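**Student:**
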Ligand code: CP3
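Residue numbers (this note's numbering): 2 to 340.
1. Round the Cβ separation of residue 297 and residue 19 to the nearest angstrom and send it over; I've been treating them as touching at under 8 Å.
2. Should residue 39 go down as buried or exposed, given a rule of 16 or more other Cβ atoms within 10 Å for buried?
3. Let me know the alpha helix (DSSP H) ranges lying completely inside the region 92-151, each 4 residues or longer, listed in chain order.
4. Does DSSP classify residue 313 as helix, strand or coil?
5. To the nearest angstrom, how far is it from the Cα of residue 265 to the Cα of residue 209?
6. Mapping the DSSP letters down to three states, classify residue 73 as helix, strand or coil.
7. Tell me the DSSP secondary structure of residue 202 in three-state form.
8. How long is the line joining the alpha carbons of residue 124 and residue 283, rounded to whole angstroms?
9. Residue 218: which of 190, 236, 255 sits nearest, CA to CA?
10. Can you check which of these residues, 187, 176, 135, is closest to residue 113 by C-alpha distance?
11. So which of 120, 149, 325, 276 has the shortest CA-CA distance to residue 183?
12. Check whether the Cβ of residue 319 sits closer than 8 Å to any heavy atom of the ligand PLP, and report yes or no.
13. Could you check the C-alpha separation between residue 61 and residue 110 for me, to the nearest Å?
14. Restricting to Cα atoms, I'd like to know which of 328, 71, 84, 89 is closest to residue 99.
15. State the beta-bridge partners of residue 284 as determined by DSSP.
16. According to the Cβ coordinates, are residue 139 and residue 206 closer than 9 Å?
17. Could you give the C-beta distance for residue 237 and residue 202, rounded to a whole number, given that I count them as a contact under 8 Å?
18. Does the beta-carbon of residue 288, which I'm using as the reference point, lie nearer than 8 Å to any heavy atom of the ligand CP3?
19. For residue 259 and residue 3, I'd like the C-alpha separation in whole angstroms.
20. Please report the straight-line C-alpha distance between residue 94 and residue 43, rounded to a whole angstrom.
21. Using 8 Å as the cut-off, can you tell me whether the region 45-53 makes contact with the region 119-136, which would need three or more C-beta pairs spanning the two stretches below that distance?
22. Just tell me which of 226, 300, 116, 292 has its CA closest to the CA of residue 145.
23. Within the continuous alpha helix (DSSP H) that includes residue 253, where are the two ends?
24. Would residue 195 pass as a contact of residue 156 if the rule is Cβ separation under 9 Å?
25. Who does residue 1 pair with in a DSSP beta bridge?
26. Cβ of residue 158 within 8 Å of any heavy atom in the ligand CP3?
27. Consider the C-beta atom of residue 61 and the heavy atoms of the ligand CP3; say whether any pair is separated by less than 8 Å.
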């Protein structure tokens, strides 16, 4: 396992071939996923079914022979055990019907033991390890505390995080109490995923980019640091991904992660030049997988040329989009394999 291309690059080793995986590599663009998904009207039942989760995790590995698998689950699984009523509504995404807006609501949340409440994740990890090729690392993941909390505060995906920012600015002690709670739960859950068998860990802070640099330093960074401090004890590499966060990169890079995911808006040549010793992950535009093969090849090769002499993890700049053509994914992966 230690010899895997993926883990060697996480450790900063320069390999002639680069490892590749894709954020949201399991999901609706795969016909075999859609077929399985049809058996679970409720997405959370799918995630909590260890066999189904393991199967969904390995589907993209079978098809594309990727260098890492990511556990099929979701960043929001820690919300229901807290007493938050989470559902995934078709066409709307995640919905929390009892969002958190006051200190009283924070205090009324249930304390829970992840080892018990999220034990289905343990079963899913164990089942997945049986199905995966022996040298393929399995990634566990959580959301950044800001990102998870924003779903709990907004009650749904939000364009501008208005309620989250309002809470922070008008009632900072409630905001802090909630984020501290999220950070502790998230850190412990991430460490557990390592104890249960995950070979590397990912923190996905999808909404960080909505914050100004000043607010990021107060509203998100300290809580992500807590997650990392708790999870570091598990002794696994941690990849930090922030979306839309080029303006925050200097602050993000103060985190003690093994590698940093950058989205497709980041100007990779200057990011690499400014940070010669840092391992990055990314950053092809997910929409490019809809383009003609020659264009996918050209832009993928451009990234490969840039990272030739450094450790790097090939990936998209965000998750695979719904409707992505399998052919586009194949062209991306083959360009990397044939480089
Ligand atoms: O393959 C993988 O990446 C592993 C599984 C995974 C899912 N979600 C499965 C999923 C991972 C790593 C996530 C992370 C996740 N979930 C993030 C961070 C990454 C990102 O994309 O920014 C966020 C913000 C979420 C929250 C979430 N979950 C949303 C906004 C949605 C609805 C929108 C959507 O994409 O459908 C989900 C549901 C979800 N999580 C699906 C999948 C495959 C779709 C469910 C379905 O089949 O209907």
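Idealized CB from N, CA, C, for every residue including glycine.
All figures in this text were calculated on a predicted structure; none of them were measured in a lab.
**Tutor:** On the basis of the data shown:
1. In fact, because the Cβ distance is near 16 Å, the residues do not count as touching under 8 Å.
2. Burial call: exposed.
3. Correct list: 104-108, 115-118, 120-132.
4. Collapsing the DSSP output to three states places residue 313 in a strand.
5. Straight-line Cα distance between these residues: approximately 15 Å.
6. Looking at residue 73 - three-state DSSP - the assignment turns out to be coil, as it is neither helix nor strand.
7. In the structure shown, the three-state DSSP call for residue 202 is strand.
8. Roughly 30 Å between the two C-alpha positions.
9. For residue 218, the nearest C-alpha among the options comes from 255.
10. When only C-alpha atoms are compared, the closest one is 187.
11. Comparing Cα positions, the closest option is 149.
12. With respect to small molecules bound, the structure shown includes the ligand CP3 and not the ligand PLP.
13. When only Cα atoms are considered, residue 61 and residue 110 end up about 37 Å apart.
14. Considering only alpha carbons, the answer is 84.
15. In DSSP, residue 284 forms a bridge with 316.
16. No, Cβ-Cβ distance for residue 139 and residue 206 is not below 9 Å.
17. With a Cβ gap of about 5 Å, residue 237 and residue 202 count as contacting.
18. Shortest gap from the CB of residue 288 to any heavy atom of the ligand CP3: 8 Å or more.
19. The alpha-carbon atoms of residue 259 and residue 3 are separated by roughly 15 Å.
20. Near 12 Å, if we compare the C-alpha coordinates of residue 43 and residue 94.
21. Result yes; three or more Cβ-Cβ pairs closer than 8 Å.
22. Nearest to residue 145 by alpha-carbon distance, out of 226, 300, 116, 292, is 226.
23. In the DSSP assignment, residue 253 falls within the unbroken alpha helix (DSSP H) covering 250-253.
24. The Cβ atoms of residue 195 and residue 156 do not sit closer than 9 Å to each other.
25. The displayed coordinates of the chain run from 2 to 340. Any statement about residue 1 would go beyond what the structure contains.
26. Checking the Cβ of residue 158 against the ligand CP3 gives yes.
27. The closest heavy atom of the ligand CP3 lies less than 8 Å from the beta carbon of residue 61.
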